[in-house]
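Report on one structure; see the data block that follows.
There are 2 protein chains.
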Amino acid sequence: MIAINIEGKQLIAGRAVATGNHGDAGADRILGKPLPFKYYQATKGEIDEAVIAAKQSFPAFRSKSGKERADLLDEIATEITAIGDDLILLANLETALPEQRLMGERQRTLDQIKAFAGLLREGSWVNATIEHGDPDRTPLPKPDLRSMQTALGPVAVFGASNFPFAFSVAGGDTISALAAGCPVVFKAHPAHPGTCELVGKAIVEAVKKCNMPDGVFSMLHGDGPTVGAELVVHPGIKAVAFTGSYKAGRAIYNAAAARPEPIPVYAEMGSTNPVFVLPEAMKLKGESIARGFAAALTLGVGQFCTNPGLLVYHSDWAGWPFKEKLAEAISSSQGGTMLTEQIAGSYQAGIVSRGDTPGLETLAKGLPATNSAYQTPVLFHADANLLMQTPHLEEELFGPSAIAVAAKSREELLSLAENLSGHLTATVHGTDEDLAAYKDLLDVLVRKVGRLIINGFPTGVEVSHAMVHGGPFPATTDARSTSVGTAAIFRFTRPVCFQGMPQALLPDELKDNNPMGIWQTVNGKLTRSII
Amino acid sequence: MIAINIEGKQLIAGRAVATGNHGDAGADRILGKPLPFKYYQATKGEIDEAVIAAKQSFPAFRSKSGKERADLLDEIATEITAIGDDLILLANLETALPEQRLMGERQRTLDQIKAFAGLLREGSWVNATIEHGDPDRTPLPKPDLRSMQTALGPVAVFGASNFPFAFSVAGGDTISALAAGCPVVFKAHPAHPGTCELVGKAIVEAVKKCNMPDGVFSMLHGDGPTVGAELVVHPGIKAVAFTGSYKAGRAIYNAAAARPEPIPVYAEMGSTNPVFVLPEAMKLKGESIARGFAAALTLGVGQFCTNPGLLVYHSDWAGWPFKEKLAEAISSSQGGTMLTEQIAGSYQAGIVSRGDTPGLETLAKGLPATNSAYQTPVLFHADANLLMQTPHLEEELFGPSAIAVAAKSREELLSLAENLSGHLTATVHGTDEDLAAYKDLLDVLVRKVGRLIINGFPTGVEVSHAMVHGGPFPATTDARSTSVGTAAIFRFTRPVCFQGMPQALLPDELKDNNPMGIWQTVNGKLTRSII
Chain A
1 MIAINIEGKQ
11 LIAGRAVATG
21 NHGDAGADRI
31 LGKPLPFKYY
41 QATKGEIDEA
51 VIAAKQSFPA
61 FRSKSGKERA
71 DLLDEIATEI
81 TAIGDDLILL
91 ANLETALPEQ
101 RLMGERQRTL
111 DQIKAFAGLL
121 REGSWVNATI
131 EHGDPDRTPL
141 PKPDLRSMQT
151 ALGPVAVFGA
161 SNFPFAFSVA
171 GGDTISALAA
181 GCPVVFKAHP
191 AHPGTCELVG
201 KAIVEAVKKC
211 NMPDGVFSML
221 HGDGPTVGAE
231 LVVHPGIKAV
241 AFTGSYKAGR
251 AIYNAAAARP
261 EPIPVYAEMG
271 STNPVFVLPE
281 AMKLKGESIA
291 RGFAAALTLG
301 VGQFCTNPGL
311 LVYHSDWAGW
321 PFKEKLAEAI
331 SSSQGGTMLT
341 EQIAGSYQAG
351 IVSRGDTPGL
361 ETLAKGLPAT
371 NSAYQTPVLF
381 HADANLLMQT
391 PHLEEELFGP
401 SAIAVAAKSR
411 EELLSLAENL
421 SGHLTATVHG
431 TDEDLAAYKD
441 LLDVLVRKVG
451 RLIINGFPTG
461 VEVSHAMVHG
471 GPFPATTDAR
481 STSVGTAAIF
491 RFTRPVCFQG
501 MPQALLPDEL
511 KDNNPMGIWQ
521 TVNGKLTRSI
531 I
Chain B
1 MIAINIEGKQ
11 LIAGRAVATG
21 NHGDAGADRI
31 LGKPLPFKYY
41 QATKGEIDEA
51 VIAAKQSFPA
61 FRSKSGKERA
71 DLLDEIATEI
81 TAIGDDLILL
91 ANLETALPEQ
101 RLMGERQRTL
111 DQIKAFAGLL
121 REGSWVNATI
131 EHGDPDRTPL
141 PKPDLRSMQT
151 ALGPVAVFGA
161 SNFPFAFSVA
171 GGDTISALAA
181 GCPVVFKAHP
191 AHPGTCELVG
201 KAIVEAVKKC
211 NMPDGVFSML
221 HGDGPTVGAE
231 LVVHPGIKAV
241 AFTGSYKAGR
251 AIYNAAAARP
261 EPIPVYAEMG
271 STNPVFVLPE
281 AMKLKGESIA
291 RGFAAALTLG
301 VGQFCTNPGL
311 LVYHSDWAGW
321 PFKEKLAEAI
331 SSSQGGTMLT
341 EQIAGSYQAG
351 IVSRGDTPGL
361 ETLAKGLPAT
371 NSAYQTPVLF
381 HADANLLMQT
391 PHLEEELFGP
401 SAIAVAAKSR
411 EELLSLAENL
421 SGHLTATVHG
431 TDEDLAAYKD
441 LLDVLVRKVG
451 RLIINGFPTG
461 VEVSHAMVHG
471 GPFPATTDAR
481 STSVGTAAIF
491 RFTRPVCFQG
501 MPQALLPDEL
511 KDNNPMGIWQ
521 TVNGKLTRSI
531 I
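Okay, here's the thing in structure tokens:
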């Protein structure tokens, strides 16, 4: 029995509001029954109110200094921490994700908030670029030009089902948008509305404590096709961030592109994250690769965007029974309860469809179900030809299922790689000799992905300045961006240039005396004055 | 009589090809008659051939070092220079732009090519970001992550009508795409096919001399709705750059967004570039502002994307007859022959439509026509209310026509600014006192434009690291970019991350020993090892 009071209302510019009908109840995934609260579906009027508030708060919010926005982020982290164990308890019930995992994810979320606060305090991220004028230049005087990144405007953020903290209310999308100076209207994921409310109220509290305009954060409940669709086409929204399915991501992209004023959509739609195993590595480390793959595939019931759903190996090297070892590793792996009934249903349907595909062998299944909600890992096996001729097999099946693919030759392995569409990641297992011999494979894969991993596994997306969690379509709708790591801030900015602006009116970032002590590119050279 | 031999064929991967029908003849705008050559409209097969060649050349081209690509750019500049005066002569006939202007534009184009070559030789533009791993970190080891910018793939570039060199075959779009490592399929503008051929052949020659894959550059003739549309939806094309009308730019954007794989479109669709005159400046420098405005408006028959088409002034200050002085300045201004008959026709139609708009006063016309092709500058006058209630008056009328707008109060001036849509630029004329008193106006305008100009005029787009030639929709389809200046290269790149990659296989830009001596962000700190 849960003692946490959940209102299920919209949080609009600091107030809890509910003028519409009840939506679904929150679900207890552990016991498989409704939780003792319902949330209200946001009405059209509430959506409008939230966006108008965001729009009205934008001029003031974008003009806040980086340090002031950093203070807001730090306060958000403080308020989330203050929720305490209730947050883990409720998220566990709503998502069926284990408490240990949720505690790790909460820490990761807090670390991420701190990383953006650090980026803002350091200040150089704005890419300050200064070109001094020359009034005596002939035939025309050279103007004084100074440019830097500035905020786009209000951002609609869609919470993901699979990360109730790190890709949800105070996740990377919200935090990078706020860091950039963009107000956020957040759509809570219906699978964990209670968790969303706790975190949403923490942000509202932080906004108040930091005296920020109250419209900088609102949170709406509701489903994608109604509330989400309305939000995306609202003229006050200037960018969208989303993590979820291809179908939903593409629908959002299409709606945004069809607006009278099209806006950027950063939809991270997951991918199959192919893993390649090269001959020498298979020979020397085949068993550990097989085990590592099974562990990465089944981690968290396979509910990661970077879950490795394809494993390609060179079957011509017959010295070691790689296929059998893979089957062994999967046979002893565990499944579990998935995030929602709908996700579990899609997984089951996908398994049935794969099972019915001619030429696709069911190689191994994980440990049998312990209860009716439990989903079992399944490894299929195909030859490279089947995969290349059946493009939909390359599509993600969200959950702990993968296809092992045998390539009969180096050439077949390379053409399979060349035939891949865009993915978030690709992984190659190889010794130094393997990698040198397969340099051309690496060159192909770099063109296909946002992140190329050598001798590792794609799950575990480090929050770092160098992370790229993105990749060519259909992994995302915008390969020019990352949704994890500090570079995610650039999704919500654009450059603006000041010509002939008096020093006193320039933003501090662009002043000659560099009062913030940031890196500036002055006349083509990076410099930083010491303060 | 022109002695230059123009074939009018497509240039596909180094060969001149023409399998289709003749298109229109090139037009002599000076004498108002056809030039003695025709061009061939590219066929569907030729378009496909050009894109396939681009696609096939991409893996080799993207792997060339920055220095090798810089050599290609330099050789392109050399070959263009080698064309000599024929280029100016033919461009003058095809566009009616004066020889002096064309010589300036050629120099600007060569300078721009050199600027990108310099960027590549310096090398730091790739934004090399390194985060060292930590195998001992708990609970999980920290991976070694390194990211940098990499090329998107083949780019379709549309030549503009109004800059036959700087926004055409070897203009900023083509050169920044090649600099990024992207092959280019260029669609020549039908208004100057001969000029395009001369420059196109110079690029082909440079590609050969530098031993680059021949598919890195192709040039196609034809109109937008047929050849252009086919090019945009070709699956081998991964980005589009365009400069031209809103109508054409939006059509390209829509087509690209509707592809099975949507791609970025950088359409620079021009804008009205509002100019604001504040009270003290009007008092002290009113006459020179009026003259400067008239000069900027009528320069090159007003055929610039940054042509100032709106002038907003505070009419409440009655100490000086600003409106009359403006009328005087326009009355003595010159028009001229426009780029094409179609452009001249649209200009005439726009003038008629403005003349018929109730409340819009025809304030002044320039010097009378000297021949039938001559278009005359026209200045209209409106009050702020009319402009705010008639949104289409804010739309660009390509040519030497503007609307002077009288705002009766500070508040009206501010709400007019707040009502503006996106523009490439905004300009404010003000004394230091004016600017301090109107700080809120500057804050509004920064949200509306790519470039804010103080006490200048928007025409004259400096090629510089700090330039932003872009802006919120409808000025462009992607406010996150600039099409002028070295930052234009980022339109054609995306970040890619290497995790756990052995040093020997990393790109030089990401190696620990920094063999290129570029700036790298290592563990969050910008450093550059001295070589």
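Protein chains in written order, with the numbering used here: chain A, 1 to 531; chain B, 1 to 531. Quick reminder that beta carbons are idealized off the backbone N, C-alpha and C, glycines included. Keep in mind it's a predicted model, so treat the numbers as computed, not measured.
CB of residue i within 8 angstroms of CB of residue j, strictly
i               : j               : result
P143 of chain A : G524 of chain A : no
A128 of chain A : L526 of chain A : no
E49 of chain B  : I80 of chain B  : no
E433 of chain B : E280 of chain B : yes
R491 of chain B : Y266 of chain B : yes
G366 of chain A : I403 of chain A : no
A117 of chain A : E131 of chain B : no
L93 of chain B  : D24 of chain B  : no
G228 of chain B : M269 of chain B : no
A384 of chain A : V405 of chain A : yes
P193 of chain B : G26 of chain B  : yes
A70 of chain A  : L110 of chain A : no
P262 of chain A : A239 of chain A : no
S483 of chain A : A241 of chain A : yes
I88 of chain B  : E99 of chain B  : yes
R451 of chain B : C497 of chain A : yes
C182 of chain B : G153 of chain B : yes
T477 of chain A : P377 of chain A : no
Q503 of chain A : F398 of chain A : no
F276 of chain A : V461 of chain A : no
Residue i, enclosing alpha helix (DSSP H) - first and last residue
i               : result
D24 of chain A  : First-last for D24 of chain A: H22 to D28, but that is the beta strand (DSSP E), not the alpha helix (DSSP H).
I88 of chain A  : D85 to T95
L56 of chain A  : First, the amino acid is wrong: residue 56 of chain A is Gln here, not Leu. Here the alpha helix (DSSP H) through Q56 of chain A covers K44 to R62.
R121 of chain A : E99 to E122
Y266 of chain A : It is not in any alpha helix (DSSP H) - Y266 of chain A instead sits in the beta strand (DSSP E) that spans V265 to E268.
D173 of chain A : G172 to A180
M338 of chain A : It is not in any alpha helix (DSSP H) - M338 of chain A carries neither H nor E in the DSSP assignment.
A202 of chain A : P193 to K209
E395 of chain A : From DSSP, E395 of chain A is part of no alpha helix (DSSP H); its letter is neither H nor E.
Supposed contact pair residue j and residue i - C-beta distance, whole angstroms, cut 8 angstroms
i               : j               : result
V216 of chain A : C196 of chain A : Contact doesn't hold; Cβ gap of about 17 angstroms is too wide.
V157 of chain A : A177 of chain A : 7 angstroms
E46 of chain A  : G20 of chain A  : 7 angstroms
Residue span of the beta strand (DSSP E) that contains residue i, given as start and end
i               : result
G450 of chain B : V449 to I454
Y438 of chain A : Neither: Y438 of chain A is in no beta strand (DSSP E) and is coded neither H nor E.
K9 of chain A   : First-last for K9 of chain A: undefined, no H or E at that position.
E131 of chain B : A128 to E131
V184 of chain A : V184 to K187
I403 of chain A : S401 to A407
Interface partners of residue i on chain D, CB under 8 angstroms
i               : result
P262 of chain B : Among the chains of the structure shown, chain D does not appear; the protein chains present are A and B.
Interface residues of the segment 226 to 258 of chain A facing chain B [CB-CB below 9 angstroms]: K238, R250, Y253, N254, A256, A257 and A258
Under 7 angstroms (Cβ pairs) to chain B, residues found in the segment 476 to 492 of chain A: T477, A479, R480, T482 and A487
Residues, ordered as in the chain, of the segment 452 to 470 of chain A that lie near chain B by beta-carbon distance below 8 angstroms: L452, I453, I454, N455, G456, G460, E462, S464, H465, A466, M467, V468 and G470
Alpha helix (DSSP H) runs wholly inside the segment 263 to 334 of chain A, at least 4 long, in chain order: 279 to 298 and 322 to 331
Residues of the segment 302 to 314 of chain B whose Cβ lies closer than 9 angstroms to any Cβ of chain A, in chain order: none
Residues of the segment 135 to 153 of chain B with Cβ closer than 8 angstroms to any Cβ of chain A, in chain order: P139, L140, K142, P143, L145, R146, S147, T150, L152 and G153
The segment 121 to 135 of chain B: positions lying closer than 7 angstroms to chain A by Cβ: T129, I130 and E131
Start-end ranges of the alpha helix (DSSP H) lying completely within the segment 204 to 244 of chain B, minimum 4 residues: 229 to 232
Residues within the segment 164 to 184 of chain B neighbouring chain A, beta-carbon criterion of under 7 angstroms: none
Complete runs of the beta strand (DSSP E) confined to the segment 463 to 509 of chain B [at least 3 residues]: 493 to 499
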